[in-house]
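First residue of the sequence shown? That's 1 in the UniProt record's numbering, and the numbers climb one at a time after it. Below: one structure, written as structure tokens.
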Amino acid sequence: MSSPRSRPSESVWDYPRPPAIQEDDRRVTVECSGERVADTVRAVRVLETSHPPVFYIPAADVRTDLLQAASGRTLCEWKGTAVYWDLCLADEVRARALWSYPQPRAPYGVLAGRFAFYPSRVDSCTVAGEAVRAQEGDFYGGWITGEVRGPFKGGQGTRFW
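If you want it as structure tokens, here you go:
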């Protein structure tokens, strides 16, 4: 894998549809209410046209003791049925802060046993030490870093892009 400095800038409009999966060995962290809730060098990125990448973290690198199944499911035409998870901390619950695909469709099987976090619903997500910005809107959970360029789907008026 490339180091963050040597990674070229990526336009999300060059990402494929259906989405591609890419292993990523950079350090990825998620923090919330003073707790490190995820820390890995074994993430995979899902790259889909018009979206910032979504990082999926192996369950072994997530504080699953802080998770509680949330209501609701959604269907992705490629990955299958997503389930949602609340992040339960000492003094608060971050509703539907992350999701997973327990039985993803082929060829997305690598997503089984992994979790994706909404950057907007936790305090901090980083990739190789860089703070992540959240994708606009309340449905998609893309992670915007300096290596990706938009415009990004998710904001007002982009629903049918």
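Every residue, glycine too, gets a C-beta built ideally from N, C-alpha and C. Predicted model only: the values in this text are computed from it and were never measured.
Check, Outcome
"Same chain, Cβ closer than 7 Å to Trp13, neighbours up to 5 away in sequence not counted", "Thr49, Ser50"
"Whole-Å CB distance - Ile57 paired with Arg94, under 8 Å assumed", "At roughly 16 Å, the Cβ-Cβ gap does not stay under 8 Å, so Ile57 and Arg94 are not in contact."
"Residue environment, Ala43, which counts as buried when at least 16 other CB atoms sit within 10 Å", "buried"
"Spatial neighbours of Asp61 in its chain, beta-carbon cut-off 7 Å, leaving aside the 5 residues before and after", "Ala38, Asp39, Thr40, Arg42"
"Test item: CB-CB of Val122 and Val30 under 8 Å", "yes"
"Any 3 or more C-beta pairs closer than 8 Å across the region 80–96 and the region 20–27", "no"
"Alpha-carbon spacing of Leu75 relative to Arg149, whole angstroms", "27 Å"
"Beta-carbon proximity list for Cys88, same chain, < 6 Å, skipping 5 on both sides", "Leu66, Gln68"
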